[in-house]
Amino acid sequence: MRLAHWLPATLLLFSLAGCALESTSDLKGPIRGNIEGRVKEIGPNYVLVLKDPERIEVRLMITEATQKGEFKEGDYVRAFVTPGGTTTSIQPWQPAG
Numbered sequence: 062m063r064l065a066h067w068l069p070a071t072l073l074l075f076s077l078a079g080c081a082l083e084s085t086s087d088l089k090g091p092i093r094g095n096i097e098g099r100v101k102e103i104g105p106n107y108v109l110v111l112k113d114p115e116r117i118e119v120r121l122m123i124t125e126a127t128q129k130g131e132f133k134e135g136d137y138v139r140a141f142v143t144p145g146g147t148t149t150s151i152q153p154w155q156p157a158g
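Each residue of the sequence shown is one higher than the one before, starting from 62 at the first, in the working numbering.
Okay, here's the thing in structure tokens:
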């Protein structure tokens, strides 16, 4: 009898957890690793990149420690973001093709 009462509640819990996971997948989470895309905007301490091929806007925070090449709005760049969220470098980049 206990299993009969426990099983539906467990299934409901897991199905709700699955819904929560699906809904958060639509949100912009932290992006790490290599970021490649077109510079949309340059601010005093950030670069807004339109990430290829997903076309997601990514705000890369820039510090004095960030190795930064020369680029302007509309140029393509490749950046590296650590697992901790630090942009270590952002350099001009030419996409293939």
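Ideal placement from N, C-alpha and C gives every residue a C-beta, glycine not left out.
For Ile92, which of helix, strand or coil comes out of DSSP? Looking at Ile92 - three-state DSSP - the assignment turns out to be coil, as it is neither helix nor strand.
Candidates Ile103, Tyr137, Gly135, of which the one nearest Met122 by Cα: Ile103
Is Asn106 near the ligand NAP, going by C-beta to nearest heavy atom under 7 Å? Among the ligands in the structure shown, none appear at all, so the ligand NAP cannot be discussed.
Integer-rounded CB distance, given that Arg99 should sit under 8 Å from Thr143: Wrong, their Cβ atoms sit about 22 Å apart, outside the cutoff.
Compute the distance between the beta-carbons of Asn106 and Arg139, then report whether it is under 8 Å. Judged by beta-carbon spacing, Arg139 lies beyond the 8 Å limit of Asn106, meaning their Cβ atoms are not closer than that value.
In whole angstroms, what is the alpha-carbon distance linking Pro156 and Lys112? Using only the alpha carbons, I get a separation of about 12 Å.
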